[in-house]
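In this note's numbering, the protein residues as written are 818 to 941. Quick reminder that beta carbons are idealized off the backbone N, C-alpha and C, glycines included. To start, the structure itself, in C-alpha coordinates.
Set out below in C-alpha coordinates:
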(Lines of atoms letter the chains of each structure in order from A and count residues from 1; the text may use other names and numbers.)
(Lines give C-alpha, C1' and ligand atoms only; values in the text may rest on other atoms or scores of the structure.)
Protein backbone atom coordinates (compact mmCIF):
# COMPACT_ATOMS: atom_id res chain seq x y z
CA UNK A 1 0.00 0.00 0.00
CA UNK A 2 1.46 3.37 -0.98
CA UNK A 3 2.23 6.05 1.59
CA UNK A 4 -0.47 8.28 0.13
CA UNK A 5 -3.06 5.51 0.32
CA UNK A 6 -2.05 4.77 3.93
CA UNK A 7 -2.40 8.46 4.73
CA UNK A 8 -5.88 8.62 3.27
CA UNK A 9 -6.97 5.39 4.98
CA UNK A 10 -5.70 6.75 8.29
CA UNK A 11 -7.32 10.15 7.75
CA UNK A 12 -10.66 8.68 6.77
CA UNK A 13 -10.64 6.17 9.62
CA UNK A 14 -9.58 8.79 12.18
CA UNK A 15 -12.32 11.15 11.11
CA UNK A 16 -14.90 8.38 11.10
CA UNK A 17 -13.93 7.30 14.63
CA UNK A 18 -14.74 10.71 16.07
CA UNK A 19 -18.14 10.98 14.46
CA UNK A 20 -21.15 10.32 16.65
CA UNK A 21 -22.17 6.69 16.26
CA UNK A 22 -25.84 7.68 16.40
CA UNK A 23 -25.84 8.70 12.74
CA UNK A 24 -27.95 6.25 10.77
CA UNK A 25 -26.66 7.41 7.39
CA UNK A 26 -23.19 7.15 5.92
CA UNK A 27 -20.38 9.22 7.39
CA UNK A 28 -19.63 12.11 5.02
CA UNK A 29 -15.94 13.02 4.88
CA UNK A 30 -14.95 16.01 2.76
CA UNK A 31 -11.51 15.86 1.18
CA UNK A 32 -10.71 19.54 0.55
CA UNK A 33 -7.75 20.07 -1.74
CA UNK A 34 -5.78 23.22 -2.58
CA UNK A 35 -7.19 23.26 -6.10
CA UNK A 36 -9.00 20.84 -8.37
CA UNK A 37 -7.32 19.41 -11.46
CA UNK A 38 -4.05 18.50 -9.75
CA UNK A 39 -2.82 14.94 -10.28
CA UNK A 40 -1.47 14.66 -6.73
CA UNK A 41 -4.86 15.49 -5.24
CA UNK A 42 -6.66 13.27 -7.75
CA UNK A 43 -4.46 10.39 -6.50
CA UNK A 44 -5.29 11.31 -2.90
CA UNK A 45 -8.98 11.18 -3.76
CA UNK A 46 -8.53 7.74 -5.30
CA UNK A 47 -6.88 6.56 -2.08
CA UNK A 48 -9.65 8.10 0.01
CA UNK A 49 -12.31 6.40 -2.12
CA UNK A 50 -10.53 3.05 -1.74
CA UNK A 51 -10.33 3.56 2.03
CA UNK A 52 -14.01 4.48 2.18
CA UNK A 53 -14.88 1.31 0.32
CA UNK A 54 -12.83 -0.76 2.78
CA UNK A 55 -14.42 0.94 5.79
CA UNK A 56 -17.97 0.86 4.44
CA UNK A 57 -20.67 3.42 5.29
CA UNK A 58 -18.30 6.29 4.36
CA UNK A 59 -18.92 8.78 1.56
CA UNK A 60 -16.04 10.90 0.29
CA UNK A 61 -16.82 14.38 -0.99
CA UNK A 62 -13.85 15.42 -3.14
CA UNK A 63 -13.86 19.18 -3.46
CA UNK A 64 -11.76 22.29 -3.61
CA UNK A 65 -11.52 25.60 -5.38
CA UNK A 66 -10.53 26.06 -9.01
CA UNK A 67 -7.90 28.60 -7.90
CA UNK A 68 -5.50 27.81 -5.06
CA UNK A 69 -6.43 30.64 -2.70
CA UNK A 70 -7.43 30.70 0.95
CA UNK A 71 -10.49 32.80 0.12
CA UNK A 72 -11.73 30.16 -2.31
CA UNK A 73 -11.13 27.39 0.23
CA UNK A 74 -13.07 29.35 2.85
CA UNK A 75 -16.08 29.40 0.49
CA UNK A 76 -15.75 25.64 0.00
CA UNK A 77 -15.60 25.01 3.75
CA UNK A 78 -18.64 27.22 4.38
CA UNK A 79 -20.53 25.16 1.81
CA UNK A 80 -19.49 21.93 3.56
CA UNK A 81 -20.65 23.31 6.91
CA UNK A 82 -24.04 24.01 5.32
CA UNK A 83 -24.10 20.43 3.98
CA UNK A 84 -23.46 19.17 7.54
CA UNK A 85 -20.58 16.88 6.64
CA UNK A 86 -19.17 14.81 9.49
CA UNK A 87 -15.50 15.52 8.85
CA UNK A 88 -13.25 17.78 6.80
CA UNK A 89 -9.74 16.69 5.77
CA UNK A 90 -8.08 19.78 4.32
CA UNK A 91 -4.84 20.57 2.52
CA UNK A 92 -4.58 24.24 3.42
CA UNK A 93 -3.68 27.03 1.05
CA UNK A 94 -2.97 29.27 4.07
CA UNK A 95 -2.29 27.87 7.55
CA UNK A 96 -3.73 30.89 9.37
CA UNK A 97 -6.44 32.31 7.10
CA UNK A 98 -8.52 29.13 7.34
CA UNK A 99 -8.57 29.02 11.15
CA UNK A 100 -11.80 31.03 11.69
CA UNK A 101 -13.89 29.00 9.24
CA UNK A 102 -12.47 25.70 10.52
CA UNK A 103 -13.23 26.76 14.10
CA UNK A 104 -16.79 27.42 12.94
CA UNK A 105 -16.90 23.90 11.49
CA UNK A 106 -15.64 22.39 14.75
CA UNK A 107 -18.21 24.40 16.74
CA UNK A 108 -20.87 22.74 14.57
CA UNK A 109 -19.53 19.30 15.54
CA UNK A 110 -17.49 18.67 12.39
CA UNK A 111 -14.18 16.88 12.89
CA UNK A 112 -11.32 18.75 11.19
CA UNK A 113 -7.93 17.34 10.24
CA UNK A 114 -5.26 18.74 7.98
CA UNK A 115 -3.02 16.81 5.61
CA UNK A 116 -0.33 17.65 3.07
CA UNK A 117 -0.23 21.32 4.16
CA UNK A 118 -1.22 21.92 7.75
CA UNK A 119 -3.53 24.38 9.40
CA UNK A 120 -2.55 26.28 12.53
CA UNK A 121 -3.21 24.14 15.62
CA UNK A 122 -6.26 26.11 16.76
CA UNK A 123 -7.96 25.38 13.42
CA UNK A 124 -7.84 21.59 13.68
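Problem set entry | Selection from 879, 872, 844 that minimises the alpha carbon distance to residue 852 | If you number the chain shown from 1, residue 852 lands on position 35. Ranking 879, 872, 844 by Cα distance to residue 852 puts 879 first.
Exercise. How do the region 906-914 and the region 848-867 stand: do at least 3 beta-carbon pairs fall below 8 Å, yes or no?
Worked result: Contact between the region 906-914 and the region 848-867 is present, because at least three Cβ pairs lie under 8 Å.
Exercise. Near residue 886, which residues of its chain fall below 7 Å by C-beta distance, leaving aside the five closest residues on each side in sequence?
Worked result: Along the chain shown, read from residue 1 onward, the residue named residue 886 stands at position 69. Excluding sequence positions up to five before and after residue 886, its CB lies within less than 7 Å of the CB of 910, all in the same chain and listed in chain order.
For this session: Express the C-alpha separation of residue 843 and residue 949 in angstroms, rounding to a whole number.
Result: Within the shown structure, residues of the chain are numbered from 818 to 941, placing residue 949 beyond reach of any answer.
Exercise. DSSP on residue 887, reduced to helix/strand/coil?
Worked result: As a working mapping, residue 887 is identified with position 70 in the chain shown. In this structure, DSSP gives residue 887 a helical state, which the three-state scheme calls helix.
Problem set entry | Range covered by the alpha helix (DSSP H) that runs through residue 872 | Position 55 of the chain shown, counted from the start, is the residue given in the question as residue 872. Its alpha helix (DSSP H) spans residues 856-872.
Exercise. Is the distance from the Cβ of residue 875 to the Cβ of residue 905 below 9 Å?
Worked result: Position 58 of the chain shown, counted from the first residue, corresponds to residue 875. Position 88 of the chain shown, counted from the first residue, corresponds to residue 905. No.
Exercise. Buried or exposed: which applies to residue 941, given that a residue is buried once 16 or more other Cβ atoms fall within 10 Å of its Cβ?
Worked result: By 1-based counting over the chain shown, the position of residue 941 is 124. Counting Cβ neighbours within 10 Å, residue 941 comes out buried, since at least 16 surround it.
For this session: Could you check if residue 882 is buried or exposed, using at least 16 other CB atoms within 10 Å of its CB as the buried criterion?
Result: In the chain shown, residue 882 corresponds to position 65, counting from 1. Burial call: buried.
Problem set entry | Segment limits, beta strand (DSSP E) that includes residue 906 | Walking along the chain shown from the start, residue 906 turns up at place 89. That run of the beta strand (DSSP E) goes 904-907.
Exercise. Excluding the five sequence neighbours on either side, which residues of its own chain have a C-beta within less than 7 Å of the C-beta of residue 926, listed in chain order?
Worked result: As a position in the chain shown, residue 926 is number 109, starting the count at 1. Around residue 926: no qualifying Cβ.
Exercise. CB residue 889 to CB residue 913, shorter than 9 Å?
Worked result: On the chain shown, residue 889 is found 72 positions in, with the first residue counted as 1. On the chain shown, residue 913 is found 96 positions in, with the first residue counted as 1. For residue 889 and residue 913, no; Cβs fall outside 9 Å.
Exercise. Going straight from the alpha carbon of residue 866 to that of residue 884, what length do you get?
Worked result: Against the chain shown, residue 866 aligns to sequence position 49. Against the chain shown, residue 884 aligns to sequence position 67. Rounded to the nearest whole angstrom, the C-alpha separation of residue 866 and residue 884 is 23 Å.
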